[in-house]
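Residue numbering for the sequence shown follows the UniProt record's numbering, starting at 1 and increasing by one per position.
In this text, a Cβ means the ideal position worked out from N, Cα and C, and glycines have one as well.
From a predicted model like this one, the values you see are computed outputs, not experimental measurements.
The next block holds one structure in the form of structure tokens; read it before the comments.
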Amino acid sequence: MTEAYVALEGGHVLEGRGRADGTARGEIVFTTAYTGYEESLTDPSYEEQILTFSYPLIGNYGVREERFEDDRIHPRAAIAKEFTDEVVDWFEREGIPAVDHLDTRDVVTDIRDGGAMKCGIAVGDDVTEEDALEQLEACTAMSDHTDIGAQVSVDEPVVHGADNDGETVALVDCGAKGSIVDSLLARDATVHVFPYDAAVETVETVDPDLLFISNGPGDPVNFEGAITLVEAFVEDTPVAGICLGQQIVAEALGGSTEKMTFGHRGVNQPVLDLESGQVVMTTQNHGYTVADPGEHLEITQINVNDDTPEGIDGIEYDVLTRQYHPEANPGPEDTLDFFDDVLAMASGRADTRAVPADD
Numbered sequence: 001m002t003e004a005y006v007a008l009e010g011g012h013v014l015e016g017r018g019r020a021d022g023t024a025r026g027e028i029v030f031t032t033a034y035t036g037y038e039e040s041l042t043d044p045s046y047e048e049q050i051l052t053f054s055y056p057l058i059g060n061y062g063v064r065e066e067r068f069e070d071d072r073i074h075p076r077a078a079i080a081k082e083f084t085d086e087v088v089d090w091f092e093r094e095g096i097p098a099v100d101h102l103d104t105r106d107v108v109t110d111i112r113d114g115g116a117m118k119c120g121i122a123v124g125d126d127v128t129e130e131d132a133l134e135q136l137e138a139c140t141a142m143s144d145h146t147d148i149g150a151q152v153s154v155d156e157p158v159v160h161g162a163d164n165d166g167e168t169v170a171l172v173d174c175g176a177k178g179s180i181v182d183s184l185l186a187r188d189a190t191v192h193v194f195p196y197d198a199a200v201e202t203v204e205t206v207d208p209d210l211l212f213i214s215n216g217p218g219d220p221v222n223f224e225g226a227i228t229l230v231e232a233f234v235e236d237t238p239v240a241g242i243c244l245g246q247q248i249v250a251e252a253l254g255g256s257t258e259k260m261t262f263g264h265r266g267v268n269q270p271v272l273d274l275e276s277g278q279v280v281m282t283t284q285n286h287g288y289t290v291a292d293p294g295e296h297l298e299i300t301q302i303n304v305n306d307d308t309p310e311g312i313d314g315i316e317y318d319v320l321t322r323q324y325h326p327e328a329n330p331g332p333e334d335t336l337d338f339f340d341d342v343l344a345m346a347s348g349r350a351d352t353r354a355v356p357a358d359d
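Okay, here's the thing in structure tokens:
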């Protein structure tokens, strides 16, 4: 065991037990999930953040690659009341600093009171408070990571399910979870994954039945390429989005977004459907939200806790987006039918294209 220091914005420094050595900086956030730590740690939406687990014991069912959402850990560091040795071994293999034996209730309270904030971490035999404060001083605000998409997106287009017989989906990878692709493939779609900054002409080559904007990290206004794609396709092609994708769609269609105080992160976020009156439990991981959907979109679902938009539909366009994660990894499976709905929307476009034009 080694020394560990966590420096929070404002200069408050916490001391804990070092479990995996190194230094890190990022926006400190917390998740309330008590399962799904493997999925959370490999979620690209946590890029440039330091993840605090509010549940006291993390790692009690091991580490299994089949549960990963990506091929690496994305948070810059991790904090818990206690990590098991197996999870610590994983952190060490990937070079991710880890700290436990902190009162994470205090950390969560600080974040809830002060909002998601800059943080610096130093772990090792000879580290000091000053090392953590130096990391804090060098930390960049989340909205200033203007090209964060490059850190989490594919470099070149990739196709999945080329032999499938269903709809053709152009998935814009702004930091997509693997379960989104899996959910589309399970419904017989062919999924073309494009970089976050793909040109309109590049996406047009696959003549998609559906443009799908993925989840991802950071401020939606910095994803100018994805915004341009929505603007270019929405009149003729159905558009769907999850998490960051909902925010990008809103920005593209005249709405606006804003940073939340501490965001929604966990597997127990209640969402109310305004038409049916039904409440479902959802998995969420986001720090920004739609402030105003604009005149082309309408809010169809809201968060029960704070009334923020959770579902948005198009008024004159075929648009369907969700702020939460319907793919349910980790978390409840209440909303998996979202993928059926968006592919049905895409199928309508595919059927229209199949009708020969009049002479």
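Do GLY26 and ALA4 have their beta-carbon atoms positioned less than 9 Å apart in this structure?
By one-based count along the sequence shown, residue 4 stands at place 4. By one-based count along the sequence shown, residue 26 stands at place 26. No. Outside cutoff.
For PRO56, the nearest candidate out of GLU66, ASP103, GLU134 and ARG72 (CA to CA):
In the sequence shown, the residue the question calls residue 56 occupies position 56. The shortest C-alpha separation from PRO56 is found at ASP103.
Which value, in whole angstroms, describes the spacing of the CA atoms of THR282 and THR335?
As a working note, residue 282 is residue 282 in the sequence shown. As a working note, residue 335 is residue 335 in the sequence shown. The alpha-carbon atoms of THR282 and THR335 are separated by roughly 7 Å.
Should TYR46 go down as buried or exposed, given a rule of 16 or more other Cβ atoms within 10 Å for buried?
Mapped onto the sequence shown, residue 46 falls at position 46. It counts as buried.
At which residue ranges does the region 78-136 contain complete alpha helix (DSSP H) runs of 4 or more residues, listed in the order of the chain?
85-94 and 104-114
Helix, strand or coil, according to DSSP, for THR237 in the structure here?
Your numbering for residue 237 matches position 237 in the sequence shown. Coil.
For the alpha helix (DSSP H) containing THR202, name the first residue and the last one.
Against the sequence shown, residue 202 aligns to sequence position 202. Element bounds for THR202: 200-204.
Looking at the secondary structure, which residues open and close the beta strand (DSSP E) in which SER256 lies?
Working through the sequence shown from its first residue, we reach residue 256 at position 256. Here the beta strand (DSSP E) through SER256 covers 256-273.
Cα-Cα separation, PRO217 to HIS286
Residue numbering aside, residue 217 sits at position 217 when the sequence shown is read from its first letter. Residue numbering aside, residue 286 sits at position 286 when the sequence shown is read from its first letter. Taking the straight line from one Cα to the other gives about 8 Å.
Whole angstroms are fine: how far does the CA of ILE96 sit from the CA of TRP90?
Translated into the one-based positions of the sequence shown, residue 90 becomes position 90. Translated into the one-based positions of the sequence shown, residue 96 becomes position 96. Cα to Cα, TRP90 sits roughly 8 Å from ILE96.
Residues near GLN269 in its chain [Cβ-Cβ closer than 6 Å; skip 5 each side]
For the purposes of this step, residue 269 is taken as residue 269 along the sequence shown, with counting starting at 1. Excluding residues within five positions, the ones whose Cβ falls inside 6 Å are THR282 and GLN284.
Would you identify the three-state DSSP class for ASP182, choosing helix, strand or coil?
Locating residue 182 in the sequence shown gives position 182, counting from the first residue. Helix.
Does the region 190-197 come within contact of the region 138-154, defined as at least 3 CB pairs closer than 8 Å?
yes
Do you know offhand how far GLU94's Cα is from ILE58's?
The residue given as residue 94 occupies position 94 in the sequence shown. The residue given as residue 58 occupies position 58 in the sequence shown. If you take the alpha carbons of GLU94 and ILE58, they lie about 17 Å apart.
For PHE68, the three-state DSSP class (helix, strand or coil):
Position 68 of the sequence shown, counting from 1, holds the residue named residue 68. Coil.
Sequence ranges, alpha helix (DSSP H) only - wholly within the region 264-349, length at least 4:
none
Leaving out the 5 sequence neighbours to the left and right, which residues in its chain are closer than 8 Å to ASP341 when beta-carbon positions are compared?
Residue numbering aside, residue 341 sits at position 341 when the sequence shown is read from its first letter. Closer than 8 Å at Cβ, skipping near neighbours: LEU320.
Whole-angstrom distance between TYR288 and ILE79, CA atom to CA atom
As a position in the sequence shown, residue 79 is number 79, starting the count at 1. As a position in the sequence shown, residue 288 is number 288, starting the count at 1. So the alpha carbons of these two residues sit roughly 22 Å apart.
Strictly by DSSP, which residues pair up with GLN49?
By one-based count along the sequence shown, residue 49 stands at place 49. GLN49 is bridged to GLU27.
Inter-residue Cα distance where the pair is PRO356 and LEU274
For the purposes of this step, residue 356 is identified with residue 356 of the sequence shown, where counting begins at 1. For the purposes of this step, residue 274 is identified with residue 274 of the sequence shown, where counting begins at 1. Bear in mind that the predicted position of PRO356 carries a pLDDT of just 44, short of 50, making it unreliable; the figure below should be weighed with that in mind. The straight-line gap from Cα to Cα measures roughly 39 Å.
VAL271 and VAL230: beta carbons closer than 9 Å?
For this step, residue 271 is matched to residue 271 along the sequence shown. For this step, residue 230 is matched to residue 230 along the sequence shown. Not a contact, by the Cβ cut-off of 9 Å.
Contacting residues, own chain, Cβ-Cβ under 7 Å from VAL200 (five flanking each side not counted)
Stepping through the sequence shown from its first residue, residue 200 is reached at position 200. Here the set comprises THR228, LEU229 and ALA232.
Status (buried if at least 16 other CB within 10 Å, exposed otherwise) for GLU258
For the purposes of this step, residue 258 is taken as the residue at position 258 of the sequence shown. With fewer than 16 other Cβ atoms within 10 Å, it is exposed.
Determine the DSSP secondary structure at THR35, reduced to helix, strand or coil.
Position 35 of the sequence shown, counting from 1, holds the residue named residue 35. Of the three classes helix, strand and coil, the one that applies to THR35 here is coil, per DSSP.
Could you say which of GLY277, LEU184, VAL123 and ASP131 lies nearest to GLY241 if we only look at CA atoms?
Your numbering for residue 241 matches position 241 in the sequence shown. Of the listed residues, the one whose Cα sits closest to GLY241 is LEU184.
Give a yes or no on whether the C-beta atoms belonging to ALA98 and ARG265 are separated by under 9 Å.
Residue numbering aside, residue 98 sits at position 98 when the sequence shown is read from its first letter. Residue numbering aside, residue 265 sits at position 265 when the sequence shown is read from its first letter. Cβ distance not < 9 Å, so ALA98 and ARG265 don't count as in contact.
Alpha carbons only, please: which of PRO332, SER256, PRO326 and PRO238 is nearest the one belonging to SER347?
For this step, residue 347 is matched to residue 347 along the sequence shown. If we check each option's Cα against that of SER347, PRO238 comes out closest.
Alpha carbons only, please: which of ALA132, ASP307 and VAL181 is nearest the one belonging to GLY22?
Position 22 of the sequence shown, counted from the first residue, corresponds to residue 22. For GLY22, the nearest C-alpha among the options comes from ALA132.
If you reduce the DSSP assignment to three classes, tell me which class GLU156 lands in.
Mapped onto the sequence shown, residue 156 falls at position 156. GLU156 falls in the coil class under three-state DSSP.
Can you tell which of ASP182, GLU298 and ILE121 has its C-alpha closest to the C-alpha of PHE339?
Taking the first residue of the sequence shown as 1, we reach residue 339 at position 339. Looking at the Cα atoms, ASP182 is the closest of the given residues.
Between GLY245, GLU333, TYR324 and GLY178, which has its C-alpha nearest ASP71's C-alpha?
Within the sequence shown, the letter at position 71 stands for residue 71. Of the listed residues, the one whose Cα sits closest to ASP71 is GLY178.
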